[in-house]
Structure formats: C-alpha cells, structure tokens
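Chemist: Next up is a structure, given as structure tokens.
2 protein chains.
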Amino acid sequence: MTAFDFGPLWATGLPAPAAKWTGFPKYNFVGGHNDPDCVPVEKLKAAAEAVLAREGRTLSTYGLASGPQGYLPLREFLVGKLKRDAGIACTTDNILVTSGSLQAIDLVNGVLLSKGDTVIVEKDNYAGSLSRLVRLGVNAIGLPLDNGGMKMDALASTLADLKSKGIRPKYIYTIPTVQNPTGTIVSEERRREMLALAEQYNVPIFEDDCYADLIWSGKRPPALYAMSKRNNVIHIGSFSKSVAPALRVGYIVAPWNAIARILAMKTDAGSGALEQMVLAEFCNAHFAEHVPALNRALRAKLETLMDALAEQFGTAAEFDDPPGGIFLWVKLPDNVDTVKLAEKALAAGVSINQGPEWSTDKTHAKSRLRLCFASPSHETIREGVAVLADVCRKEFGVPERSANVEKRAAR
Amino acid sequence: MTAFDFGPLWATGLPAPAAKWTGFPKYNFVGGHNDPDCVPVEKLKAAAEAVLAREGRTLSTYGLASGPQGYLPLREFLVGKLKRDAGIACTTDNILVTSGSLQAIDLVNGVLLSKGDTVIVEKDNYAGSLSRLVRLGVNAIGLPLDNGGMKMDALASTLADLKSKGIRPKYIYTIPTVQNPTGTIVSEERRREMLALAEQYNVPIFEDDCYADLIWSGKRPPALYAMSKRNNVIHIGSFSKSVAPALRVGYIVAPWNAIARILAMKTDAGSGALEQMVLAEFCNAHFAEHVPALNRALRAKLETLMDALAEQFGTAAEFDDPPGGIFLWVKLPDNVDTVKLAEKALAAGVSINQGPEWSTDKTHAKSRLRLCFASPSHETIREGVAVLADVCRKEFGVPERSANVEKRAAR
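Residue numbers (this note's numbering), protein chains in the order written: chain H, 7 to 417; chain C, 7 to 417.
If you want it as structure tokens, here you go:
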C-alpha cells in the first residue's frame, strides 16, 4: 500500500519542507546561540529547586496563580529591570510574557498587519523579522543605517513620501539598541528625532530591544518606550540573549489598550511556566551580576573574531567594532557573493549568514555577511575564520594569499 | 497629551480585547487545570537538578543539542510510551515537540487549512479547536456522537454528501480517546470503520489524543495513527493533562513528509527547553507510576462531582459516567440556557463552560454545560455545585427546591 499523499491538501504558499537536522557544522557562526560556559548552571539549579519547592503545586494551573500575562514575579522583576536599565516606567499590567521574542513579534504583527500593509524597517535587519513580513505579504520599506543606526533624513523623507501617497505605515520597526546585524546603538538625540517624526506622522514604533543587555560599557540610552510622550511605542525584549537562548522567554511592554488586543490573540494557554519561574528566581538574585560577566566573555570572543578576520582577510574584510551584541556585520570586496560563499563554506564546515537574507536591499548586501561569535570557542573562531578565508580565496580570489600567510606566521 | 489611538491601525477581524485578569472564581469548573496535590513536585525538583547538572550548558544553544524537533531524550521517551500505550510504531524523526498541544493544533491547521476549506469534526467539541476553525474561516461540519464517540453512519453520509458536491475535506478532526467534552472513547472496531471511511474518501485524520492518558482502567484502544495502513493520520498529544498544564509541552506524531512541512512552519526557535528537559528526566523514571496515581485522584473527584450533582440537581442533571478525563458534560432541562446560567453563576462565584461554545450545534448545546473537576478540592466541588444549583433554580426553576433540601439534609 502506498503512503498517503498529503501533497494536494497542503495550503498554498507554504515554505519549503524542512530538511532533517543533521547536527551543527564544525564552525558555526549562525544563530543566536550563546556561550555555553556562561550559562549559570549552578544558579539555575538552585533557582529551580527553590521555586519548585515554594510554588511547584501551582504548575497544576494554566498561568500558575498569575493569570494569562505571565508569572507575576517575572513581570515584577521586569518592571524593576526596565526602569533601571531602560528608563521605562510601567506596571505588571503593561507586560505580557511570551514564548521568546519571536512570539512577541508574531503577536504584534498579528494585531497590526494585514496583507498589503506598509511598514518601515532598517534596511539591514534580522532575517526572522524580514521573512515574517514577506510571508504576511507586507511591504517593508528598508531605510539605510549609518554607524548611529537608522538614518533620520531617510525616515523623514520616507514618511513624507508615504503620506503624499495616502499611505499610513502600520509601524516603524527598529532595533535601536545593538541593531541586528549592524550592532549600532541609536543615540538619545536621534531617538528624540525618531519619536518626533513618529508623532508628526502619527505612526507607532515597534521597538525590538532583544539585544539591549549585551553592551560592553553596560550603559545604554533610554528606550524609545521610555522617551515617548504619546504612548505610541510597543517594546519587546528577551532573556534569550542575556541568560540562555533555549529558554524561550520574551516579553512585550505596551500600553494596556495594546496589551488587551495582543493578549486576546495569544491563544496558547500561556508560555512555559517552569522557564518563567526559574528565570524570575534566578534574575531577582543574580541578573545584575550575571550580565556584566557575560558581556566580558562576549567582548573577548568578539576581539578574537576581529583579530582573526584581520589576520586572515586583512583589509578585505571591513567592519565596525560594535558596542555590544553577539554578531559582526562584515563587508567583503564587491566581487564576493556571500550567497555562494555561504554554500561553499558550509561544505567546508563553516556556517555563515549570507547578507541578502539579512537586508531588504539584496544588492547592497550581496558582499556582506553576518558572523555570530558567542557560541564557538576562541579556538573554533580562529580556525573557522581561516577556513572561511581559504574558501573565499578559492572562490573569489580574496583575500590574496601572500599577505595573510605572512600575518599568520607573525603570530 | 492624549494617549496614542491604535484603533484605526488594528487588523480587521481581531477578537475582542482581553479584560484584565482578576483571579480565578471561588468555584472554578472551567479550564483544563489539574489537581495541585498531584503535581510531582519533589520528583520534578530532582529531575531539574539532575538534568541541569548533566546538560545545563546546552541551554546556550537553540534546540539544545537536539535540533529543531525537540529535546531528543523526550522524543525517545515518547517513542517508547506511544508504542506501549497507543501501539504507535514511530521514530524520533516522526515526532515534533510543540509548546503545548495548542501549538500542535495551530501548526497542523497552518499547513492544511485555508479560508473556505471544509473539515469534519465531532459536534460537541473542544472550544479551542472550534474557535480556531471559525477564525480561519473554515467550514467545520459537526457530526453527532453517541456514547461510543463520533457516529460512523453520520461520517459515511457526510463524506458521501461532500463528495457529491465535489468537496474534499481537509481532515477529520477527532478526539477518539476521552473526547472533549463528552468523555467518550471510540472502540477499536469503530476506529477501524473510521479509518476505512477515511481511506475510501482519501481524507486524512487529525487525531487529538491529549486526554488519552487519563483513563480509569488504564487501558485504551490503539491510536488511529497506529491502526492506519495508509499513513494518513496526524496524531497530537500533550503532557499538560498527565503531568502539569502550566508546562507547555505537547507533540505531533506524523509521517516525515508531514513533519517536514509542519517543521518549516514552526518559526519559534524551538519550544521551551528547560520544560522539555525536566519532563524527559521525570517521565523516563516516573511517568508509568505517576499516571495511575493521578487517575485515582481524578476518579475520586469525578465521583464527588457526580454525587454532588445527583444530590443538588436530582434527575434534572443528566450525564454519563465517563471512562476518564477531567470534565463532565451535563445536560440540564431544555428550558435552561447555559449561556445565561454561566453568566449568573459567575456572579455567584461559580465558573462553568456554557454548552454553545463547546459545540457546532448551538441549539443542541443550549442546555448543556461542561464541568471540569480536576482542580477544585472535593469540598469546593460540593459547595460549588450547591451554589450552581441555587443559581439555576432561581433563574430557571430547576432543580425544584424541596427534593434537594431533603437530600442535602440526609447527608
């Protein structure tokens, strides 16, 4: 008997079928994975033990004893953390805990976007946000960035242009604090400009702050949410970057009129309670000391990556030294096609993010790539970059061999 | 400055805004909450400690070291459990761990359903499944049940009728093993009939087995998935009912060609890892002994509920003694409108599920209600049913007062 053919039954427009997972490549520079040595295992164990002993029986109840917005002690921690770090004044009613910030993005998109809508985004951008907009049939207008983030002249002219066409964008999506993939941080002054433009054109801002804890200096500008006088900002964040990616815990901060709409769309019977409980218990005691230690480890890995790139690629690899984060956005010579490079590199055991997936401007991004540095060891970073350089040289003739051999030998 | 008005920006067709949560009512007979005394707190603590000590560092990686289908030891446990309990022969490649079985439903619907599609369901049904179909704009044809579950004559005639109209339903959705809300279990013989009809009309079956562990006798017929010769069944299950609802861990079992499609739609970067790790560790050691103990406690609460209904409502409340589960589907006299009863009861501190939300046939369900009995204590069940009877008597004149006072006094 032949197997059942689901083919004619699938909905139209599905993504391509997934391939079977066969493990990570040896040199893995993709994905928001973090440093395994920085997972606070002992403290998470102690947190799990304490919170289960105290409140374990509440696991019998959907939403614990906290209702559908998420574990109350976690929301209480967030009220304090957001005030302290980002200047946000809010209450636990303004916070909705989500299953990672990806669910937060899906929920915000779910309440605001319909096919044919227009949104404004940073040109170089998180591939997961861009692919969601494509799937929703939404027109995403990508604005250029400089080393201070989204350019305000471009925002002003785009808003004016859209207005002249009678189009009100549904939101301005920005990652203002350690932008993905560029790593830029928008200054307080530029944030004020962005808010003024958003107010002028009556457009909300969707502020994705999921990397905002990972700043070498430990200092960040206030969140757009905190600076807004109009309550027109929806803010999202995550513990994936600051504690552990596999813990799927993110959050939305928004005025209650928005939370009420978003909550009505969250029909999942709550996000994972044990993760929320353990995180709240851990964070209340240790978050403030954990994050700086994590940042020191990440900064050290970034330096290894930048050194390795300089050593292996010389001037062929251009990048800014980012003020935080877990990734580096690299420009290679114009003749390099990073789509092809990614394919060839993977065959050699090196995974990289090819530029065009991380930008609305495929031409601009053709010779760019994103390298995530938090997960691989220092040694793996050095070896992986060397393999990548070999592949790139073989395929595209850059970097030239001689200079790099000399530099390598000098170490 | 006035608050920003998101109103004109919301997508069309959103559900009504959520109200602020104000806590559970005193007598809470809604929601799939479980018995707090049955949460295996000490064993979950030990499981958390063991698995974090052994594998805690893998939390730095999305998907742990298991890839996107879920924590491998949990899928390995499921392979054994599904074989032992449900007769399912599958491999870990056939299993996708989800954030509760609600995400499983959303994913299966996501790959199969488009607006205007037709599906076949049991008439009395899980409100969450029905509301999802309504929101998707899918035509759900509800079939009557008898005390053996979905009626096969109705299935045969419906499939024939649809075929004559040129309509191929996207699936037959069934909860064959402790149906929600009726509690019925479809016999092995009737399962064979259902499979034969599904094969004859070339329609897949969507088997929702999320209550299947909760059977007083501990014995269940093989899953439709196990009995299918055509691989045309997609099976879902959950740990919400058997271990703890607030742990949001469910799963999909399907042929790889279906898993590949579903996995491509699961863009959440994995379900909560800590919950999966702790569950796998707990279940491998304790699931087989935990479930019978839980079932004994649930059966005792069901008996309290049935006794209380007999005492308070006499013959006015009709119900079958279900072979398992956490809910009772109750028929009141025809003049009772359970929509109104639910509203009045809530004002008196008693929450119930009004029938029409749990059925495609609003007239049939008008005088029916669902009572969940796993969460409230025996005392709360008795008191709550008494309050409910008072409200019902006041609003609808049933049950008559005298008989019940006598019965009550006799205790």
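Built from N, CA and C at the ideal position, the CB exists for glycine as well.
Which of the three DSSP states, helix, strand or coil, is assigned to Ser-163(C)?
Modeler: Along the second sequence, read from residue 1 onward, the residue named residue 163(C) stands at position 157. It is helical.
Chemist: Taking the straight line between their C-alpha atoms, what separation do you get for Ser-66(C) and Pro-182(H)?
Modeler: Stepping through the second sequence from its first residue, residue 66(C) is reached at position 60. Stepping through the first sequence from its first residue, residue 182(H) is reached at position 176. In a straight line, the C-alpha of Ser-66(C) is about 24 Å away from that of Pro-182(H).
Chemist: Do you know how far the Cα of Gly-320(H) is from the Cα of Ala-415(H)?
Modeler: Taking the first sequence and counting its residues from 1, one reaches residue 415(H) at position 409. Taking the first sequence and counting its residues from 1, one reaches residue 320(H) at position 314. With a pLDDT of 40 at Ala-415(H), under the threshold of 50, the predicted position of this residue should be treated as unreliable, though the coordinate-derived value follows. Taking the straight line from one Cα to the other gives about 14 Å.
Chemist: Are the C-beta atoms of Val-36(H) and some chain C residue less than 7 Å apart?
Modeler: Counting from one through the first sequence, the residue named residue 36(H) turns up at place 30. No - not a single Cβ of chain C is within 7 Å of the one on Val-36(H).
Chemist: Does the region 118-125 of chain H touch the region 82-93 of chain H, meaning 3 or more C-beta pairs lie closer than 8 Å?
Modeler: Output reads no: the region 118-125 of chain H does not touch the region 82-93 of chain H.
Chemist: Distance check for Ile-332(H) and Ala-380(H), CA to CA, integer angstroms please.
Modeler: Against the first sequence, residue 380(H) aligns to sequence position 374. Against the first sequence, residue 332(H) aligns to sequence position 326. Each residue's Cα considered, the two are about 5 Å apart.
Chemist: The beta strand (DSSP E) spanning Val-47(H) covers which residue range?
Modeler: Residue mapping note: residue 47(H) aligns to position 41 of the first sequence, counting from 1. From DSSP, Val-47(H) is part of no beta strand (DSSP E) but of the alpha helix (DSSP H) over 47-61.
Chemist: Does any residue of chain H bring its CB to less than 7 Å from the CB of Asn-237(C)?
Modeler: Residue 237(C) sits at position 231 when you count from the first residue of the second sequence. Answer yes: the Cβ-Cβ gap between Asn-237(C) and chain H drops below 7 Å somewhere.
Chemist: Could you give the DSSP three-state label for Asn-301(C): helix, strand or coil?
Modeler: In the second sequence, the residue the question calls residue 301(C) occupies position 295. Here Asn-301(C) sits in helix by DSSP.
Chemist: Ser-244(C) lies in the beta strand (DSSP E); which residues open and close that run?
Modeler: What you label residue 244(C) is simply residue 238 of the second sequence in a count that begins at 1. 239-244 is the extent of the beta strand (DSSP E) around Ser-244(C).
Chemist: Between which residues of its own chain and Lys-51(H) is the CB-CB distance below 7 Å, once the five residues before and five after are set aside?
Modeler: Position 45 of the first sequence, counting from 1, holds the residue named residue 51(H). Excluding positions up to five away in sequence, the list is empty.
Chemist: Please tell me whether His-292(H) has its Cβ less than 7 Å away from any Cβ of chain C.
Modeler: Counted from its first residue, the first sequence places residue 292(H) at position 286. No, no contact with chain C.
Chemist: Between the C-alpha atoms of Gly-361(C) and Asn-186(H), what's the straight-line distance to the nearest angstrom?
Modeler: Taking the first residue of the second sequence as position 1, residue 361(C) is located at position 355. Taking the first residue of the first sequence as position 1, residue 186(H) is located at position 180. About 49 Å.
Chemist: Count the other CB atoms within 10 Å of the CB of Lys-400(H); is the residue buried (16 or more) or exposed (fewer)?
Modeler: As a working note, residue 400(H) is residue 394 in the first sequence. The residue in question, Lys-400(H), is exposed, as its Cβ has fewer than 16 Cβ neighbours within 10 Å.
Chemist: From Gly-13(H) to Tyr-33(C), what distance separates their C-alpha atoms?
Modeler: Working through the first sequence from its first residue, we reach residue 13(H) at position 7. Working through the second sequence from its first residue, we reach residue 33(C) at position 27. Spanning the two alpha carbons is a distance of roughly 48 Å.
Chemist: Who are Ile-101(C)'s beta bridge partners in DSSP?
Modeler: In the second sequence, residue 101(C) corresponds to position 95, counting from 1. Beta-bridge pairing links Ile-101(C) to Val-259(C).
Chemist: Who are the Cβ neighbours of Pro-228(H) in its own chain at under 7 Å, not counting the five residues just before and after it?
Modeler: Translated into positions along the first sequence, residue 228(H) becomes position 222. Cβ neighbours of Pro-228(H) beyond the five flanking positions: Ala-92, Gly-93 and Glu-194.
Chemist: Buried or exposed for Glu-349(C), going by 16 or more other Cβ atoms inside 10 Å?
Modeler: Here residue 349(C) is taken as the residue at index 343 of the second sequence, counted from 1. Flag for Glu-349(C) reads exposed.
Chemist: Beta-carbon of Trp-27(H) versus every beta-carbon of chain C: anything under 7 Å?
Modeler: Counting from one through the first sequence, the residue named residue 27(H) turns up at place 21. It does: the Cβ of Trp-27(H) has a partner Cβ on chain C nearer than 7 Å.
Chemist: Using DSSP with H/G/I as helix, E/B as strand and the rest coil, what is Gly-148(H)?
Modeler: What you label residue 148(H) is simply residue 142 of the first sequence in a count that begins at 1. Strand at Gly-148(H).
Chemist: Taking the alpha helix (DSSP H) that Gly-274(H) falls in, what are its first and last residues?
Modeler: The residue labelled residue 274(H) in the question sits at position 268 within the first sequence. In the sequence as displayed, the identity of residue 274(H) is Asp instead of Gly. Looking at the DSSP string, Asp-274(H) is not in any alpha helix (DSSP H), and its letter there is neither H nor E.
Chemist: Does the count of Cβ pairs from the region 271-289 of chain C and the region 56-76 of chain C closer than 8 Å reach three?
Modeler: They touch, by the three-pair rule.
Chemist: Report the three-state DSSP secondary structure of Arg-374(H) (helix, strand or coil).
Modeler: Reading the first sequence from its first residue, position 368 is the one you call residue 374(H). Reduced to three states, the DSSP call for Arg-374(H) is strand.
Chemist: Just to confirm, are Val-144(C) and Phe-212(C) a CB contact at a threshold of 7 Å?
Modeler: Indexing the second sequence from 1 puts residue 144(C) at position 138. Indexing the second sequence from 1 puts residue 212(C) at position 206. No. Outside cutoff.
Chemist: What residue from Pro-74(H), Val-356(H), Arg-198(H) and Ala-59(H) has the CA that sits closest to Trp-27(C)'s CA?
Modeler: On the second sequence, residue 27(C) is found 21 positions in, with the first residue counted as 1. Considering only alpha carbons, the answer is Pro-74(H).
Chemist: Note down, in chain order, every chain H residue with its Cβ under 9 Å from the Cβ of Glu-199(C).
Modeler: Taking the first residue of the second sequence as position 1, residue 199(C) is located at position 193. Near Glu-199(C) there are no residues of chain H at all, since even the closest Cβ is about 18 Å away, more than 9 Å.
Chemist: So, does the CB of Asp-302(H) fall closer than 7 Å to a CB anywhere in chain C?
Modeler: Taking the first sequence and counting its residues from 1, the one referred to as residue 302(H) is at position 296. Per the sequence shown, the amino acid found at residue 302(H) is Arg instead of Asp. Cβ-Cβ to chain C under 7 Å: no for Arg-302(H).
Chemist: Could you tell me the boundaries of the beta strand (DSSP E) in which Thr-124(C) lies?
Modeler: Working through the second sequence from its first residue, we reach residue 124(C) at position 118. Segment 124-128, the beta strand (DSSP E) holding Thr-124(C).
Chemist: Please go through the same chain and pick out, in chain order, the residues whose beta-carbon is closer than 6 Å to the beta-carbon of Ser-234(H), but skip the five residues on each side of it.
Modeler: Here residue 234(H) refers to the residue found at position 228 when the first sequence is read from its first residue. Within the same chain, Ser-234(H) has close Cβ partners Leu-201.
Chemist: Which residues of chain H have a Cβ atom closer than 9 Å to the Cβ of Asp-219(C), listed in chain order?
Modeler: Here the question's residue 219(C) lines up with position 213 in the second sequence. By Cβ distance, chain H contributes nothing, its closest Cβ being about 15 Å from Asp-219(C), past 9 Å.
Chemist: What does Ala-9(C) touch in chain H if you count any residue whose Cβ is under 9 Å from its own?
Modeler: Position 3 of the second sequence, counting from 1, holds the residue named residue 9(C). In chain order: Arg-236, Asn-237, Asn-238, Pro-261 and Asn-263.
Chemist: How would you call Ser-408(C), buried or exposed, if buried means at least 16 neighbouring beta carbons within 10 angstroms?
Modeler: Stepping through the second sequence from its first residue, residue 408(C) is reached at position 402. Low confidence applies here, because Ser-408(C) scores a pLDDT of 47, under 50, leaving its location unreliable and the question unanswered by this model.
Chemist: What is the residue span of the beta strand (DSSP E) that Asp-214(H) lies within?
Modeler: As a first step, residue 214(H) is located in the first sequence; it is residue number 208 there, counting from the start. Per DSSP, Asp-214(H) belongs to the beta strand (DSSP E) from 211-214.
Chemist: Output the distance between the C-alpha atoms of Phe-83(C) and Gly-76(H), rounded to the nearest integer angstrom.
Modeler: Position 77 of the second sequence, counting from 1, holds the residue named residue 83(C). Position 70 of the first sequence, counting from 1, holds the residue named residue 76(H). Their backbone Cα atoms lie some 29 Å apart in a straight line.
Chemist: Would you please verify whether the beta carbon of Glu-281(H) is less than 7 Å from any beta carbon of chain C?
Modeler: Sequence index remark: in the first sequence, residue 281(H) carries index 275 (1-based). So, interface residue.
Chemist: What is the DSSP secondary structure of Phe-325(C), reduced to helix, strand or coil?
Modeler: Taking the first residue of the second sequence as position 1, residue 325(C) is located at position 319. Of the three classes helix, strand and coil, the one that applies to Phe-325(C) here is coil, per DSSP.
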